[in-house]
Amino acid sequence: MPKLIDIPEGTDVVDVRKKMNKLLSTARNSAKPDKCILCGKLQTSFCNSHSVPQLSLRNIADNGKVLHASLLMGIDVVDIEKGVNNSGTFHFICNECDGTFFQDYEDEQNLKSIPTDKMLAEIAVKNILLQLSKRGQEKELYRELQKQFHAYSNLENLEGIKELDVRDYEEELQFHKDIADNNISGGYQILYWSVLPYKVPIATQSAIALSKDFEGNEINNIFDISESVRMQFMHLAILPLKEESVVLAFYHKRDKLYRKLRHQINSLSEQKILQFLNYIIFAYTENYFISKTIQSAIESNDKLAELGQENSGYPNLGFLGPDNLFGMGYQPVGMDKIPNFLDCSWAVT
Ligand SMILES: [Zn+2]
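According to the working numbering, the sequence shown is numbered sequentially starting from 435.
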């Protein structure tokens with residue numbers, strides 16, 4: 435399988451892993467805010483919040499462990515197997531908010547009935563919190579890399595772009611939080627919701643700025659980073675329950691770029707929709723967790739590896755040869771080229 439980061443032969447991988455972990459934890463610590471972004475109260479310690487509810491992670495865990503997306507990103511130096519306790523977590527809100535704000539949706543019974551607007555708002559808030567926390571960490575990671583290795587010649591530009599992201603995410607967070615706090619209804623548009631009668635081997639939850647719809651037409655222009663452009667997100671949640679799975683995709687009606695996709699989805703079969711959503715997980719997100727039962731199916735699939743390293747239909751660094759720096763002629767991996775893990779044939783028992 436091609437790897438994004440090639441580790442020279444003879445390198446002490448354990449040593450590199452230790453250094454990476456230290457760097458990441460330094461970045462994590464300096465990225466901690468001083469107050470809880472949900473309630474505004476000053477905090478000295480933050481909750482170990484799960485972006486994907488533990489109730490779902492536990493349902494696909496093997497001896498308490500799940501596999502992480504780094505399995506596909508070709509990053510050898512990061513652990514690919516982790517305990518549920520450390521999977522997809524962020525430290526950005528207080529214990530009290532973590533224990534109360536998401537109660538409606540983090541509930542197996544509620545998840546099995548048509549989601550309320552409050553539940554959808556809670557999911558959106560959680561997804562945006564994860565993005566904000568990641569951005570904060572990335573910024574500190576850049577600074578740390580710069581301090582130790584002088585890795586960037588244009589750190590200010592890079593930070594400027596991240597600031598724009600943060601501004602948008604903060605607005606987005608407040609927007610969905612208001613809906614949850616005030617129980618406002620009628621704003622969300624569900625693209626797809628289903629309770630599948632089997633347990634899928636993947637758990638995920640993410641805000642996604644989709645760049646192309648089902649037919650390949652543009653939705654967000656993700657290369658336009660001008661200040662006036664606001665990315666529009668759809669939210670995806672794939673949550674395995676004890677014997678069933680909830681598959682949910684939605685957006686807020688203010689995000690009109692998704693209207694065409696809604697019409698497309700309305701005319702697709704369930705099988706096609708699941709195939710599309712399965713593709714979105716691997717093409718756009720990294721916040722997914724996998725049951726060990728499909729580890730070998732994933733590791734032996736070159737198309738999945740290729741897709742995991744694509745950036746919106748363009749090959750990522752790992753695939754750009756010195757004679758073709760722009761990836762011209764590259765054929766993006768199609769949704770029918772990868773296994774559909776949401777299909778019942780991949781169900782875990
Ligand atoms: Zn709080």
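Glycine is no exception: its CB is placed at the ideal position from the N, C-alpha and C atoms.
Item                                                                                                                                             : Value
Among all residues, which have a Cβ less than 6 angstroms from at least one non-hydrogen atom of ligand 1, and in what chain order do they fall? : Cys470, Leu472, Cys473, Lys475, Ile527, Cys528, Glu530, Cys531
Let's test the definition: count the other Cβ atoms within 10 Å of the Cβ of His697 and tell me whether it reaches 16, buried, or not, exposed.  : exposed
Starting from Met683, follow its DSSP beta bridges and name the residues at the other end.                                                       : As written in the sequence, residue 683 is Ala, which differs from the Met given in the question. Its beta-bridge partners are Tyr626, Leu670.
Within the continuous alpha helix (DSSP H) that includes Ala739, where are the two ends?                                                         : 736-742
Looking only at C-alpha atoms, which of Asn655, Met668, Thr550 sits nearest to Tyr539?                                                           : Thr550
Thinking C-alpha only, which one of Ile624, Ile659, Leu566 is nearest Met553?                                                                    : Ile624
Using 8 angstroms as the threshold, is the region 464-484 in touch with the region 699-713, meaning 3 or more CB pairs across them?              : no
How far does the beta strand (DSSP E) with Tyr722 in it extend, from its first residue to its last?                                              : 722-724
Based on Cα-Cα distance, which residue from Asn493, Ser479, Leu457 lies nearest to Val680?                                                       : Asn493
Is it buried or exposed, Asp736, if we count other Cβ atoms within 10 angstroms and call 16 or more buried?                                      : exposed
Which residue marks the beginning of the alpha helix (DSSP H) containing Asn515, and which one marks its end?                                    : According to the sequence as given, residue 515 is Glu; it is not Asn. Run containing Glu515: none in the alpha helix (DSSP H); it sits in the beta strand (DSSP E), 515-517.
When burial is assigned at 16 or more other CB atoms within 10 Å of the CB, is Leu476 buried or exposed?                                         : exposed
Name the residue from Asp777, Leu598, Thr460 whose alpha carbon lies nearest to the alpha carbon of Arg569.                                      : Leu598
Going by CA-CA distance only, name the one from Thr460, Leu673, Pro635, Glu677 that's closest to Leu579.                                         : Thr460
When the distance is taken between beta carbons, is Ala555 closer than 9 angstroms to Ala410?                                                    : A query on residue 410 cannot be resolved here, the shown segment of the chain reaching from 435 to 783 and no further.
DSSP on Glu540, reduced to helix/strand/coil?                                                                                                    : coil
Cα separation between Lys560 and Ser485?                                                                                                         : 6 angstroms
Based on the DSSP secondary-structure assignment, which residues constitute the bridge partners of Phe524?                                       : Ser483
So Ile618 is in the beta strand (DSSP E); what residue range does that whole segment cover?                                                      : Where Ile618 is concerned, there is no enclosing beta strand (DSSP E), given that its DSSP letter is neither H nor E.
Hey, could you find the ends of the alpha helix (DSSP H) Ile656 is sitting in?                                                                   : From DSSP, Ile656 is part of no alpha helix (DSSP H); its letter is neither H nor E.
Straight-line CA distance for Ser640 to Lys581?                                                                                                  : 31 angstroms
Given a cut-off of 9 angstroms, decide if Lys546 and Leu675 are closer than it, judged by their beta-carbon atoms.                               : yes
Taking only three categories from DSSP, how would you classify Thr550?                                                                           : coil
Does the beta-carbon distance from His669 to Ile557 come in below 9 angstroms?                                                                   : yes
Are Tyr622 and Phe684 close, meaning C-beta to C-beta below 9 angstroms?                                                                         : yes
Are the Cβ atoms of Ala731 and Val767 separated by less than 9 angstroms?                                                                        : no
Over what stretch of residues does the alpha helix (DSSP H) that includes Lys706 continue unbroken?                                              : 704-718
Going by alpha carbons, who is nearest to Ile548 out of Trp627, Val634, Ile562?                                                                  : Trp627
Please state the DSSP three-state secondary structure of Ser662.                                                                                 : coil
Closest to Leu630 by CA distance: which of Lys466, Asp777, Ser479, Glu515 is it?                                                                 : Asp777
Going by beta-carbon coordinates alone, are Phe524 and Pro467 separated by less than 9 angstroms?                                                : no
Taking Cβ positions, are Lys633 and Ala503 nearer each other than 9 angstroms?                                                                   : no
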